[in-house]
Each structure stands twice: as C-alpha cells, then as structure tokens.
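Numbering (our numbering), first residue to last: 202 to 342.
Yeah, the Cβ is synthetic: ideal placement off N, Cα and C, and Gly gets one too.
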C-alpha cells in the first residue's frame, strides 16, 4: 500500500513540526541547553554532512559492483557510519530496494531495522532486487 494512503503516515507528515518541537523540548527538559546543543545541534550537523559526504565521496572513490550509467561507487568502511547509505552504487542500481547492502558482508543498519519492522508486521511489501535485475546490471565476467 502506498504510504500516502495510510492515515498514520499522513498524520506524521501533517504534524512533523509538532513532533520535532516535542522532541527538542523533551531533550531540553532532560538535560538543559548542553543536551539540546549536543543532542540536536551536533547530531543534526553530523547527519546533514554525512549525507553530503556520501553523495560526494561515493561518486569519486570506492568500487563499482553494478554497471550503472553514473559514477556511483560503494565505500565499504563507511557502511556502519552511514546506516548503509555508502553502498551507493547498489542504491543507484536498485533505487527502489529497501536493502542497499546486498551482500552478506555489506553492513546495512537501515536494512536491519526494516527487517525488524517487517518481522513485527510494521513493514509490508518491502522491495528487493530480483536475480534477473541483478543479472541485467552485473558487469560481464
């Protein structure tokens, strides 16, 4: 089912500002300005720049597992720090896949979380690349 059809996700989207302000208020009440500065400010900065690093570095360095029409690459050592986003060539090859760490050794923390939600029944219709899709984009060997 499309997320836009589910009332819960529409509710979250329509009230996102309230959730953010509630989170910031709780962090402030828990530890004051230092917690707010470190927990929200530093965390937000790391997340923001982490995205930039992935989108820059993963188009310059790393390895290519799939024959895509771009310069995307996988950087293995960034996998745990980026929740799996550094499997960037995998992402460009299979954009709708919920799993970017396609091999057993490719750490993909986001996929582990999605799998957990799937086991609880909270995530359904999770998309993964088929073997035919993989064969189509694989480099000739």
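Does residue i come out as helix, strand or coil in the three-state DSSP assignment?
i	result
residue 320	helix
residue 278	helix
residue 298	coil
residue 257	helix
residue 339	strand
residue 262	coil
residue 288	strand
residue 312	helix
residue 267	strand
residue 206	helix
Can you find a C-beta in chain C that's less than 8 Å from the C-beta of residue i?
i	result
residue 334	This model lacks chain C altogether, as it is built from one protein chain only.
Looking only at C-alpha atoms, which of the options sits nearest to residue i?
i	options	result
residue 228	220, 237 and 314	237
residue 272	263, 326 and 205	263
residue 248	234, 225 and 282	282
residue 336	295, 255, 216 and 251	295
residue 175	340, 331, 332 and 327	In the structure displayed, the chain extends from 202 to 342; residue 175 sits before or after that span and is not available.
residue 334	317, 297 and 315	297
residue 290	256, 242, 329 and 211	256
residue 331	303, 212, 235 and 232	303
residue 258	325, 277 and 266	277
residue 341	234, 323 and 265	265
With a cut-off of 8 Å on the beta carbons, I'd call residue i and residue j a contact; round off their distance for me.
i	j	result
residue 287	residue 275	7 Å
residue 225	residue 243	Incorrect: roughly 14 Å between the Cβ atoms, too far for contact.
What do you reckon, are the CB atoms on residue i and residue j nearer than 8 Å?
i	j	result
residue 279	residue 310	no
residue 301	residue 292	yes
residue 339	residue 315	no
Who are the near neighbours of residue i in its chain, counting only those whose CB is closer than 7 Å to its CB and skipping five residues on each side?
i	result
residue 210	204
residue 245	none
Just to check, is the beta-carbon of residue i closer than 7 Å to a non-hydrogen atom of the ligand GTP?
i	result
residue 332	Questions concerning the ligand GTP fall outside what the structure shown contains, since it holds no ligand whatsoever.
Can you list, in chain order, the residues of its chain whose CB lies under 8 Å from that of residue i, leaving out five sequence neighbours each side?
i	result
residue 312	285, 299, 300, 301 and 302
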